[in-house]
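Structure record follows, encoded as structure tokens.
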Amino acid sequence: MIIQNIHIYGFGKMIDKKLTLVKGFNIIEGLNEAGKSTIMAFIRGILFGFESRRNPHLRYEPLHGGNFGGAIEFVDEKNQSYRIERISRQKANGDVQIFRSTGEVV
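See the structure below:
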């Protein structure tokens, strides 16, 4: 799996943040408190579910309100494109949908 794009709707202090990654090795760098760990937690949350509400310090709910979640676009080993979107509404770990590049829900 190769991650191509990350779109953070709302996660911690990040609101409507978009990152485009290139094929190969990507380095995310920045000063302390720039959001490097937040981006890693976001990727983990989108792929595996958000932390439970029992761990609010690990949950990264948006500090200033708004949608909690985002999307990751990736290509698999067969060069097929997908988009995983997870938004926390009713469920603590978020409602997840997976789309093919055609827009079809998987």
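When we follow the numbering used here, the leftmost residue of the sequence shown carries the number 3, and every step to the right adds one.
Cβ coordinates follow ideal geometry from the N, Cα and C atoms, glycine included.
Q | Candidates Asp78, Val98 and Val107: closest to Gly47 by CA position | A | Nearest to Gly47 by C-alpha distance, out of Asp78, Val98 and Val107, is Val98.
(Q) Excluding the 5 residues flanking Leu49 on each side, which residues of the same chain have their C-beta closer than 8 Å to its C-beta? (A) Closer than 8 Å at Cβ, skipping near neighbours: Ile74 and Ile86.
Q) Helix, strand or coil for Thr22 per DSSP? A) If DSSP states are grouped into helix, strand and coil, Thr22 belongs with the strands.
**Q.** Residue from Ser54, Lys15, Arg56 and Leu65 with nearest C-alpha to Lys38
**A.** When Ser54, Lys15, Arg56 and Leu65 are compared, the shortest CA-CA separation from Lys38 is found for Lys15.
(Q) How far does the beta strand (DSSP E) with Ile8 in it extend, from its first residue to its last? (A) According to the DSSP assignment, Ile8 belongs to the beta strand (DSSP E) that extends over Ile4 to Phe13.
Q: Locate the beta strand (DSSP E) running through Ser39, then write down its first and last residues.
A: Counting along the chain, Ser39 falls outside any beta strand (DSSP E), though it belongs to the alpha helix (DSSP H) covering Lys38 to Phe50.
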